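Visitor:
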Amino acid sequence: MSEEFINNEELPEVPHEPEEEVVDEVVYLSGMYRNWFLDYASYVILERAVPYINDGLKPVQRRIMHAMREMDDGRYNKVANIIGQTMQYHPHGDASIGDAIVQLGQKELLIDTQGNWGNILTGDGAAAPRYIEARLSKFALEVLFNPKTTVWKLSYDGRKREPVTLPVKFPLLLAQGVDGIAVGLASKLFPHNFIELIDASIAYLKNQDFELLPDFPTGGLADFSKYNDGLRGGTVKVRAKIEKRDNKTLVVTELPFGKTTTTLIESVIKANDKGKIKIKKIDDNTAGNVEILVHLAPGVSSDKTIDALYAFTDCEVSLSPNSVIIENDKPVFIGVKEILRRSTDSTLQLLKLELEIRKSELEEDWHYSSLEKIFIEERIYKDKKFEDSENMDQAIAHIDLRLEPWKPKLKREVTRDDILKLMEIKMARILKFNKDKAEEMLKAIEDEIAEVENNIRNIVAFTIKWFVHLKTKYGKGRERKTEIRSFENIEATKVVVRNEKLYLDRKEGFIGTGLKKAEYICDCSDIDDIIVFRRDGTYFISKVAEKAFIDKNPLHVEIFKKKDNRTVYNVVYKDGESGFHYMKRFSVTGVTRDKEYNLTQETKGSRVVYFSANPNGEAEVLKIVLKPKPRIKKLVFEVDMGELAIKGRQSIGNLLTKNEVHKISLKEKGHSTLGGRKIWFDEDVLRLNADNRGKYLGEFSGEDKILVLYKRGDYQLYNYDLSNHFEADILTIEKFDSGKILSVVYFDAEQQFYYVKRFEIEDSEGKMFRFIGEHPDNKLVSVTWVRYPRLELEFGGKYADRENEIIEVAEFIGVKSWKAKGKRLSNYEVENIKEIEPVVKDEHDKPEPDEVIDFEIIEPTVPEEKPSFDDIPFEIKRPKKDAPDPTQMSLF
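This is the structure in structure tokens:
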């Protein structure tokens, strides 16, 4: 109903004003898109995808933590209830909240879980929220919350209050990692090790340098050489941990980060179907720990298959970090070291703020307790003026006047609220008042104030103490899972299975894998390259194809191996310009694909008259027959190609003859002129190489072998194939010498005595030998190749006064089998074992000047009650009689 029907009185006339001309505001669509899009992008970046540096949490994670703290009573709550509680603060659906809770629970840091929460190893999802339960962990309760230091804001609907950020006193962002995709921006920080983060924070507080590398919950191996402090542009290579159960079975025991057993198995099957690898079957026995069994096809190399799994499957993946955080409501790109520094500084400031709040509270307690003591001791409540006060103001004025003599000793002024609080003291409390207890309480408060003030003055030391406390209380069981390694580059062509056959049609000049009726050349793979030599001296490299034209009647075709400096080509060619014959030996180590090269002098009419390809640098003897010509006395002569130096492919070569040649034939096959193959061991990547990287092992040929002694008390002989894989706990690796005697000292865990044994290495390749007994807790103490070693025993316990004993090892025990138990060093309790100057029987036994220390001491794992092996060079202390911890790293 309009106003004119409600009020019938005549309304005064309103003067008419001329209407202003309305000008329509023009808004272009591009501007609307720009503004709206930027608003949306900013919202997603700040409110959904990227974590805040203050507490390391995304908004949904922060709201989950706050909701769980509101619900916390020490018991488990249904996740469905937690989701409902969180929705009071989070303006999005329940599914996103549920997924975020599951992800937090699977990290096993902030949430204590109960029920089926899925499996990060297999990729199995969690049960429905109504079936699983959760509560805050003790760590979260201690580290994440403090209402007194929290800055609050209203929730999205204004009904509740929620924290702007939580007062986290720990580098939580780096501990958990984060993976978020926003609009035009992505954040990817990898998780780091709990203990290493604390150690790094302590090092920073001490102004020491520190290193910080990720640690993945799935374990595996990782190469962080290009990590770039977690900034954009860096890469991390992660690998599954693959072990050889035997020569026919490989076992995957740890996964690369971001992969599950399901995705990894699918990638292996896919590679097998494509012919990149050759396996018989694959079994997944994963439960609490990863166990994927890869059964190899007959005749397949286990070492090459391991490399092929890394090259062609998800057993190796590359990850790209992108360290982005929100600071002051803006995305900031900073490295993980800087994140840790700022997080540690934030922890220090929060601890300082807590101390200052606590100091203020203690001073208030002291102030009121002092007033209460004065009020009761002086019986102010009994003053007649107080009792006769006509109103409250008079009573307050009287008490204030009576307190005047003590005011100078108080820490602050006495306020009206203080007096009102004194007037509220009940008679029962006054009657129970005890002067001595009151003074003790005041003294305790003063002592605590002094302690708090001292902590504030020494806030850095106090913060270090805080981190040590966290490490001691929560660090157990949080040791590093991912092994830090340096990876070698695996050349796919060297490890791929030869799944195709290469054929050559010489008459038509075609080569390929689809020419089934043509001449068979060799097995190959679809990623191999071939090298083709023509009769005019030109050659080129090309990729294997189904069918490709190369030239009619080619001189030589084979699979090309890049950087292969052992394959040598022996050539005799006739120069087209001079007519002279030249001979040369050369290698082709690397050329551009599909580019034509020439091994002659590139003159018209040049042609190759003799050619041989030698995979190990062999050099033959040739018989040369010249065409008859006047004044040539010797028409037949021999040439040993082995006398020629191996030069580059562009070399002209050596002059063979200026005369016409009738025939060149093979007189005698020669031997390799390259000698044995020089092998090095790269200790960073645990692989053999011929590139002068790492420790030089020697020159190998024929049946030569490599001996590896492991710290756990095993040895194994290997061939010198560069594809060999070695385990990480290598003690020594060297060229095997069958004539040497190995002397070993080990601790027998069952007998609780030291034993010594001497034996020759059994010449059996590919088998692991445990030479310190089968008891799992036996510990290798020392090994030496010295022929006549000597040991000095120092006794302990009740035999500590016993004179040291010298053991001549070669006279003490003879050479026996590696299986032998050996001979007990002493029946008395041995405190230390020292290696002393060995006996030199003859000149043959004198050590070389550059010989490495012969007697190698390995630190065993020992129980607690007796001396340990720690930090004693060339000494061994007797382990205690408690059962050793099998999980502790025992050697070095």
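FYI, this note's numbering numbers position 614 of the sequence shown as 621, with every residue one higher than the one before it.
Glycine is no exception: its CB is placed at the ideal position from the N, C-alpha and C atoms.
Here the structure is a predicted model, which is why all the values come from computation and not from measurement.
Nearest to Leu257 by CA position, among Cys322, Ser232 and Ala210, is which residue?
Guide: For the purposes of this step, residue 257 is taken as residue 250 along the sequence shown, with counting starting at 1. For Leu257, the nearest C-alpha among the options comes from Cys322.
Visitor: Buried or exposed: Ala435, going by 16 or more other Cβ atoms within 10 Å of its Cβ?
Guide: Stepping through the sequence shown from its first residue, residue 435 is reached at position 428. That one is exposed.
Visitor: Of all the options Asp736, Leu832 and Arg70, which has the alpha carbon lying nearest to the alpha carbon of Arg765?
Guide: Stepping through the sequence shown from its first residue, residue 765 is reached at position 758. Answer by Cα proximity: Leu832.
Visitor: DSSP has Gln121 in a bridge; who is on the other side?
Guide: For this step, residue 121 is matched to residue 114 along the sequence shown. Answer by DSSP bridge pairing, in chain order: Glu140.
Visitor: At the level of alpha carbons, what is the spacing between Phe802 and Asn834?
Guide: Counting from 1 along the sequence shown, the entry for residue 802 is found at position 795. Counting from 1 along the sequence shown, the entry for residue 834 is found at position 827. Taking the straight line from one Cα to the other gives about 10 Å.
Visitor: How should Glu667 be labelled, buried or exposed, when 16 other C-beta atoms within 10 angstroms of its C-beta is the threshold for buried?
Guide: In the sequence shown, the residue the question calls residue 667 occupies position 660. Exposed.
Visitor: In the DSSP output, what is Val578 paired with across the bridge?
Guide: Position 571 of the sequence shown, counted from the start, is the residue given in the question as residue 578. For Val578, which the question treats as bridged, DSSP gives the partners Lys591 and Phe618.
Visitor: With a 10 Å radius around its C-beta and 16 neighbouring C-beta atoms as the bar for buried, classify Tyr234 as buried or exposed.
Guide: As a working note, residue 234 is residue 227 in the sequence shown. It counts as buried.
Visitor: If we ignore side chains and look at the alpha-carbon of each, how far apart do Lys747 and Asp533 end up?
Guide: Counting from 1 along the sequence shown, the entry for residue 747 is found at position 740. Counting from 1 along the sequence shown, the entry for residue 533 is found at position 526. When rounded, the distance between both Cα atoms is 47 Å.
Visitor: Report yes or no: do three or more beta-carbon pairs, one from the segment 80-93 and one from the segment 150-167, lie closer than 8 Å?
Guide: Touching, no, given that fewer than three Cβ pairs across the two stretches are closer than 8 Å.
Visitor: Between which two residues does the beta strand (DSSP E) containing His476 stretch?
Guide: If you number the sequence shown from 1, residue 476 lands on position 469. Segment Ile466 to Tyr481 is the alpha helix (DSSP H) holding His476; no beta strand (DSSP E) there.
Visitor: Which of the three DSSP states, helix, strand or coil, is assigned to Asn605?
Guide: Your numbering for residue 605 matches position 598 in the sequence shown. Strand.
Visitor: Could you tell me the distance, in whole angstroms, from the CA atom of Phe587 to the CA atom of Ala555?
Guide: Along the sequence shown, read from residue 1 onward, the residue named residue 587 stands at position 580. Along the sequence shown, read from residue 1 onward, the residue named residue 555 stands at position 548. Each residue's alpha carbon lies about 34 Å from the other.
Visitor: Is the Cβ-Cβ distance between Ile313 and Ile272 less than 8 Å?
Guide: Here residue 313 is taken as the residue at index 306 of the sequence shown, counted from 1. Here residue 272 is taken as the residue at index 265 of the sequence shown, counted from 1. Going by C-beta atoms, Ile313 is not nearer than 8 Å to Ile272.
Visitor: In its own chain, which residues sit with a C-beta less than 8 Å from the C-beta of Gly81, not counting the 5 before and 5 after it?
Guide: Working through the sequence shown from its first residue, we reach residue 81 at position 74. Excluding residues within five positions, the ones whose Cβ falls inside 8 Å are Arg142.
Visitor: Based on Cα-Cα distance, which residue from Thr268, Asn726 and Ser771 lies nearest to Ser308?
Guide: Counted from its first residue, the sequence shown places residue 308 at position 301. If we check each option's Cα against that of Ser308, Asn726 comes out closest.
Visitor: My parser needs the alpha helix (DSSP H) runs of 4 or more residues fully inside the segment 217-294; what are they?
Guide: Runs of the alpha helix (DSSP H) inside the segment 217-294: 268-280.
Visitor: From Thr470 to Thr354, what does the alpha carbon distance come to, in whole angstroms?
Guide: Taking the first residue of the sequence shown as 1, we reach residue 470 at position 463. Taking the first residue of the sequence shown as 1, we reach residue 354 at position 347. In a straight line, the C-alpha of Thr470 is about 8 Å away from that of Thr354.
Visitor: So for Trp687, helix, strand or coil by DSSP?
Guide: Walking along the sequence shown from the start, residue 687 turns up at place 680. Trp687: strand per DSSP, three-state reduction.
Visitor: So, is Ile7 buried or exposed, given that buried needs 16 or more other C-beta atoms within 10 angstroms?
Guide: This structure cannot settle anything about residue 7, because the visible part of the chain is limited to 8 through 899.
Visitor: Rounding to the nearest angstrom, what Cα-Cα distance links Lys130 and Asp119 in this structure?
Guide: In the sequence shown, counting from the first residue as 1, residue 130 sits at position 123. In the sequence shown, counting from the first residue as 1, residue 119 sits at position 112. Reading off the sequence shown, one finds Gly at residue 130, where the question assumed Lys. Whole-angstrom Cα-Cα distance: 20 Å.
Visitor: Smallest Cα separation from Lys665: which of Val632, Ala652 and Arg719?
Guide: Residue 665 sits at position 658 when you count from the first residue of the sequence shown. Closest by alpha carbon: Val632.
Visitor: Find the nearest neighbour of Arg922 within the set Lys160, Pro174 and Val175, judged by alpha-carbon distance.
Guide: Since the first residue of the chain shown is 8 and the last is 899, residue 922 is not available in this structure.
Visitor: Kindly provide the ranges of any alpha helix (DSSP H) runs that are 4 or more residues long and lie completely inside the segment 348-410, ordered along the chain.
Guide: Within the segment 348-410, the complete alpha helix (DSSP H) runs of at least 4 residues are 391-394 and 399-409.
Visitor: Compare the Cα-Cα distances from Arg908 to each of Ile840, Ile381 and Asp395 and report the closest residue.
Guide: Residue 908 cannot be examined here, being either before or after the span of the chain that is shown, 8 to 899.
Visitor: Do the CB positions of Tyr138 and Arg348 come within less than 8 Å of each other?
Guide: In the sequence shown, residue 138 corresponds to position 131, counting from 1. In the sequence shown, residue 348 corresponds to position 341, counting from 1. Contact flag unset, no.
Visitor: Leaving out the 5 sequence neighbours to the left and right, which residues in its chain are closer than 6 Å to Pro796 when beta-carbon positions are compared?
Guide: Translated into positions along the sequence shown, residue 796 becomes position 789. Counting only Cβ-Cβ distances below 6 Å, and skipping sequence neighbours, we find Ser750, Val816 and Pro845.
Visitor: Scan the segment 540-578 and note each continuous beta strand (DSSP E) run of 3 residues or more that stays entirely inside, going in chain order.
Guide: Those beta strand (DSSP E) runs which fall completely within the segment 540-578 and span 3+ residues are 545-550 and 563-567.
Visitor: If you draw a straight line from the C-alpha of Ser376 to the C-alpha of Arg419, how long is it?
Guide: Mapped onto the sequence shown, residue 376 falls at position 369. Mapped onto the sequence shown, residue 419 falls at position 412. Cα-Cα distance, rounded: 13 Å.
Visitor: Report the rounded CA-to-CA distance for Gly618 versus Asp222, giving the unit in angstroms.
Guide: By one-based count along the sequence shown, residue 618 stands at place 611. By one-based count along the sequence shown, residue 222 stands at place 215. Checking the sequence shown, residue 618 turns out to be Phe, not Gly. About 56 Å.
Visitor: Return yes when the Cβ of Leu181 is within less than 8 Å of the Cβ of Leu192, no when it is not.
Guide: Numbered from 1 along the sequence shown, position 185 holds the residue referred to as residue 192. Numbered from 1 along the sequence shown, position 174 holds the residue referred to as residue 181. No, Cβ-Cβ distance for Leu192 and Leu181 is not below 8 Å.
Visitor: Is the beta carbon of Leu5 less than 8 Å from the beta carbon of Val837?
Guide: Any property of residue 5 remains undetermined from this structure, which presents the chain solely from 8 to 899.
Visitor: Whole angstroms are fine: how far does the CA of Gly125 sit from the CA of Ser144?
Guide: Within the sequence shown, the letter at position 137 stands for residue 144. Within the sequence shown, the letter at position 118 stands for residue 125. C-alpha separation (whole angstroms): 19 Å.
Visitor: If you drop the 5 nearest sequence neighbours on each side, which residues of the same chain put their C-beta closer than 8 Å to that of Met8?
Guide: Working through the sequence shown from its first residue, we reach residue 8 at position 1. Reliability of the predicted coordinates at Met8 is poor, the pLDDT of 39 falling under 50, and the value obtained from them is presented with this limitation in mind. If we look at Met8 and ignore the five residues flanking it on each side, it has no Cβ neighbours.
Visitor: For Gln215, is the classification buried or exposed, using 16 other Cβ atoms within 10 angstroms of its Cβ as the cut-off for buried?
Guide: On the sequence shown, position 208 is the one that residue 215 refers to. So Gln215 ends up on the exposed side.
Visitor: Check the DSSP bridge columns for Cys531 and list the partner residues they point to.
Guide: Stepping through the sequence shown from its first residue, residue 531 is reached at position 524. Answer is Glu507.
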